[in-house]
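Asks:
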Amino acid sequence: MDRNRNARRGPGRRRIEPTLAPDRADVAATGDDRRPLRQRQSSPAWRWWGALACIALAIVALMVFRQPLADRLWPETRAQQLRTDAEQALSEGRLTATDGSGARELYEAALALEPDRIEARAGLSRVARQALAQARMAMDTGRYDDAYRMLTLARELGVPRADADALAAQLRAREAARADVDQWLVSAASALKAGDLSGNDHAALPLYRRVLAVQPNRTEALEGREDAISAMLQRAWSRMRADELAAAGALIAQARGFDAGHAELPDATAELARLLERRRARARAALGRGRLEQARTLWR
29 MDRNRNARRG PGRRRIEPTL APDRADVAAT GDDRRPLRQR QSSPAWRWWG
79 ALACIALAIV ALMVFRQPLA DRLWPETRAQ QLRTDAEQAL SEGRLTATDG
129 SGARELYEAA LALEPDRIEA RAGLSRVARQ ALAQARMAMD TGRYDDAYRM
179 LTLARELGVP RADADALAAQ LRAREAARAD VDQWLVSAAS ALKAGDLSGN
229 DHAALPLYRR VLAVQPNRTE ALEGREDAIS AMLQRAWSRM RADELAAAGA
279 LIAQARGFDA GHAELPDATA ELARLLERRR ARARAALGRG RLEQARTLWR
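Each residue of the sequence shown is one higher than the last, beginning at 29 in our numbering.
1) Which two residues bound the contiguous alpha helix (DSSP H) that contains P234?
2) Suppose the cutoff is 7 Å on Cβ atoms and the five residues either side in sequence are ignored; what does the same chain contact list for R284 look like?
3) Note down, one range per segment and in chain order, each alpha helix (DSSP H) of at least 4 residues found wholly within the segment 257-308.
4) So, are the CB atoms of Q243 and A204 less than 8 Å apart?
5) Decide if Q116 is buried, meaning its Cβ has at least 16 other Cβ atoms within 10 Å, or exposed.
6) For L279, which residues from the same chain have a beta carbon less than 8 Å from its beta carbon, with the 5 sequence-adjacent residues on both sides left out?
7) By Cβ distance below 6 Å, which residues in the same chain neighbour L240 in space, the five residues on each side in sequence not counted?
8) With L185 and A156 assumed to form a contact (beta carbons below 8 Å), what rounded beta-carbon distance in angstroms separates them?
9) For L118 versus A138, is the C-beta distance shorter than 8 Å?
10) What span of residues does the alpha helix (DSSP H) with G336 cover, start to end?
11) Ends of the alpha helix (DSSP H) at R246?
12) Alpha carbon to alpha carbon, how far is A140 from L181? Give it in angstroms, no decimals.
13) In three-state DSSP terms, what is W212?
14) What are the start and end residues of the alpha helix (DSSP H) that includes T180?
15) Classify V187: buried if its beta carbon has 16 or more other beta carbons within 10 angstroms, exposed otherwise.
16) Give the straight-line distance between the Cα atoms of A175 and E133, rounded to the nearest whole angstrom.
17) Could you tell me the boundaries of the alpha helix (DSSP H) in which A131 lies?
18) CA-CA distance, Y236 and Y135?
19) What residues in its chain sit with their C-beta under 6 Å from that of R200, if we drop five residues either side in the sequence?
20) Tell me where the alpha helix (DSSP H) around L195 begins and ends.
21) Tell me the DSSP secondary structure of A117 in three-state form.
22) Please go through the same chain and pick out, in chain order, the residues whose beta-carbon is closer than 7 Å to the beta-carbon of A270, but skip the five residues on each side of it.
23) Quick check on G128: does DSSP put it in helix, strand or coil?
24) Could you check how far apart the C-beta atoms of E254 and H290 are, in whole angstroms? I think they sit under 8 Å.
25) Which of the three DSSP states, helix, strand or coil, is assigned to S20?
26) What separation, rounded to the nearest whole angstrom, lies between the Cα atoms of D287 and R312?
27) Classify I83: buried if its beta carbon has 16 or more other beta carbons within 10 angstroms, exposed otherwise.
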């Protein structure tokens with residue numbers, strides 16, 4: 029009740045009916061309606077703009093991730109497309125490519141998606157046979173670098189070893205017929221006599237290696253290489269006697285690179301290991317006595 033209830037009535041006065049104050053719950057429930065009319069009218073528009081923005085983002089995301097999502101949901105469809113592209117590349121002679129567009133790379137991608145399907149494996153076998161055929165064609169036209177490259181591809185894809193070895197032998201024979209092997213041998217012998225063992229293309233060991241690449245059983249090259257490595261190991265022994273172990277190790281490593289099976293390598297390697305261990309022991313002893321500079325020098 030408000031104060032009108034207690035107002036005195038007089039002549040001519042109209043009675044004012046009592047009123048109730050608005051319920052607080054109703055005020056709280058309709059609190060938003062206290063905002064200005066313009067603000068209440070603008071809210072639906074902002075909601076529409078927000079909805080449109082969400083829809084636009086969803087469309088963009090679908091466009092960006094459409095292909096990866098399709099690959100995950102339907103891998104067989106993607107694998108079929110890869111096999112089709114691989115067949116096309118194979119028919120065009122594009123057996124391999126660094127950008128992934130070669131027949132080999134496409135078949136391997138299809139195989140990764142469907143490991144149990146035989147079509148991709150059969151396709152890789154066809155690529156191997158085609159690589160061997162291209163290697164023969166390159167050899168016949170004197171393109172030996174291309175021939176070796178295709179032969180390597182055929183081997184990697186599992187072409188029969190006998191076929192690959194036979195073609196490799198033919199390649200070496202063709203190269204030997206073209207190359208001046210005899211002149212290489214003369215130059216290598218002269219370099220060996222002069223003590224020029226390695227370090228440049230005209231040194232003895234690189235020349236012998238070139239000869240053996242085209243004629244693996246050439247006796248003069250095999251014997252010359254053995255003599256050159258023996259001379260190199262003799263230099264390593266001299267370095268070890270002078271306590272120049274780093275230089276000795278470098279010479280032994282070079283010798284191993286030219287022929288890891290040389291008869292004199294094990295003894296030289298064992299002696300180098302023994303001397304290195306002795307030097308490490310001396311360094312530890314110097315360190316224990318507090319001679320840091322001496323220990324540092326020995327560890328180098």
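We treat Cβ as the ideally placed atom computed from N, Cα and C, and that holds for glycine. These numbers were taken from a predicted model, which means no experiment stands behind them.
Replies: In short, the structure shows the following:
1) 232-242
2) L293
3) 273-286
4) yes
5) exposed
6) M260, L261, R263, A264, R267
7) A249
8) 4 Å
9) no
10) The structure shown does not extend to residue 336, since the chain is modelled only from 29 through 328, so no value can be given for it.
11) Counting along the chain, R246 falls outside any alpha helix (DSSP H), and DSSP gives it neither H nor E.
12) 19 Å
13) helix
14) 172-184
15) buried
16) 20 Å
17) 131-141
18) 41 Å
19) V242
20) 189-206
21) helix
22) none
23) coil
24) 7 Å
25) The structure shown has nothing for residue 20, since the chain only spans 29 to 328.
26) 35 Å
27) exposed
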